[in-house]
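Just so you know, the UniProt record's numbering puts 45 at position 45 of the sequence shown, and the rest follows in order with no gaps.
Even glycine gets a Cβ: it sits at the ideal position worked out from N, Cα and C.
As the structure is a computational prediction, the values presented were derived from the model and not from experiment.
Working notes, beginning with the structure itself.
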Amino acid sequence: MKLTEPMCIIGASMGASIVCLFAAKYPEYVSMMCLLAPIANEASETDLIRQLRAGVYNTLLPETPEEFRNMIHTLTMKRPDFPSPFVNGFLHLNRLLLKEHKKIIASLFEHDYPQIEHHYAKLRQLNCPALILWGRQDQVYAFTGAEYFRNLIPNSECLILEDCGHIMGIDKPDDTTRAILTFCDNHVKLLN
Numbered sequence: 001m002k003l004t005e006p007m008c009i010i011g012a013s014m015g016a017s018i019v020c021l022f023a024a025k026y027p028e029y030v031s032m033m034c035l036l037a038p039i040a041n042e043a044s045e046t047d048l049i050r051q052l053r054a055g056v057y058n059t060l061l062p063e064t065p066e067e068f069r070n071m072i073h074t075l076t077m078k079r080p081d082f083p084s085p086f087v088n089g090f091l092h093l094n095r096l097l098l099k100e101h102k103k104i105i106a107s108l109f110e111h112d113y114p115q116i117e118h119h120y121a122k123l124r125q126l127n128c129p130a131l132i133l134w135g136r137q138d139q140v141y142a143f144t145g146a147e148y149f150r151n152l153i154p155n156s157e158c159l160i161l162e163d164c165g166h167i168m169g170i171d172k173p174d175d176t177t178r179a180i181l182t183f184c185d186n187h188v189k190l191l192n
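This is how it looks when you write it as structure tokens:
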């Protein structure tokens, strides 16, 4: 890598898991991290994850407008009303890559997921500060996943957002933004 200095990295959901894996492998490049409901341990699994592990993908990979609405209702507490052109465009793009998306999810659960806690164990060695955000009503991974990460990452703090599902940017955009900015501001001051 050609990074010249450590950076703050932020990820949501699977992106937050990628942040964790990156930080575990390259801790020297991470000054701080913000994790929004990453893939957690098996104890925090929900019915949705068990469905995905069983090969039932329509909750996260909808093919019809009804399945799209069900996905949004599963991932959020708010019930945003997306206009039909948006829904149809989303479904069209999703259909183009549906087979690939299903293969990726199947591969993750078959190859990567069984080893995830082993990879996460390296996070115990991190010195950088970490913010862990989770929606109390998250139906992807239960909010107890936040405690799992707080216990795993030494210099971490945890915030559980009430009346919030998995997609914090829809349910609690202001609270999510404020928490991240406050965390970053506080820790940038400490790092300087």
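Next on the checklist: Give me the DSSP bridge partner(s) of Ser-44.
Outcome noted: Here residue 44 refers to the residue found at position 44 when the sequence shown is read from its first residue. Answer is none; Ser-44 lacks a bridge partner.
Next on the checklist: For a minimum of 4 consecutive residues, which ranges assigned as the alpha helix (DSSP H) are wholly contained in the segment 33-110?
Outcome noted: Within the segment 33-110, the complete alpha helix (DSSP H) segments of 4 residues or longer fall at 47-53, 65-75, 84-96 and 98-107, listed in chain order.
Next on the checklist: Closest to residue 245 by C-alpha separation, out of Ala-16, Asp-171 and Thr-64, would be which residue?
Outcome noted: This structure cannot speak to residue 245, because the chain is shown only from 1 to 192.
Next on the checklist: Can you find the residues in the same chain that come closer than 8 Å, C-beta to C-beta, to Ser-156, ignoring five residues on each side of it along the sequence?
Outcome noted: Numbered from its first residue, the sequence shown carries residue 156 at position 156. Sequence-distant partners of Ser-156 (beyond 5 residues in either direction) whose C-beta falls short of 8 Å from its own C-beta, in its chain, are Pro-129, Ala-130, Leu-131, Ile-132, Phe-149 and Arg-150.
Next on the checklist: DSSP three-state label for Leu-152, please.
Outcome noted: Residue numbering aside, residue 152 sits at position 152 when the sequence shown is read from its first letter. Here Leu-152 carries a helix assignment [DSSP, helix/strand/coil].
Checklist entry - In the DSSP assignment, what are the bridge partners of Leu-131? => result For the purposes of this step, residue 131 is taken as residue 131 along the sequence shown, with counting starting at 1. Leu-131 is bridged to Cys-34 and Glu-157.
Next on the checklist: Taking the alpha carbon of Tyr-29 as the reference point, which residue from Asp-81, Ala-12 and Leu-126 has its own alpha carbon closest?
Outcome noted: Numbered from its first residue, the sequence shown carries residue 29 at position 29. Residue Leu-126 is the option with its Cα nearest to Tyr-29.
Next on the checklist: Spatial neighbours of Pro-27 within its chain, please: C-beta separation below 6 Å, excluding the five flanking residues on both sides.
Outcome noted: The sequence position of residue 27 within the sequence shown is 27, counting from 1. These residues qualify, in order along the chain: Leu-126.
Checklist entry - Terminal residues of the continuous beta strand (DSSP E) containing Cys-20? => result One-based indexing of the sequence shown puts residue 20 at position 20. DSSP places Cys-20 in no beta strand (DSSP E) but in the uninterrupted alpha helix (DSSP H) bounded by 14-25.
Next on the checklist: What would DSSP say about Ile-116, mapped onto helix, strand or coil?
Outcome noted: Indexing the sequence shown from 1 puts residue 116 at position 116. The answer is helix: DSSP assigns Ile-116 an H, G or I state.
Next on the checklist: Just to confirm my understanding: we take residue 229, look at its own chain, exclude 5 residues before and 5 after, and list those with CB closer than 7 Å. What are they?
Outcome noted: For the chain, the structure presents residues 1 to 192; residue 229 sits outside this window and is missing.
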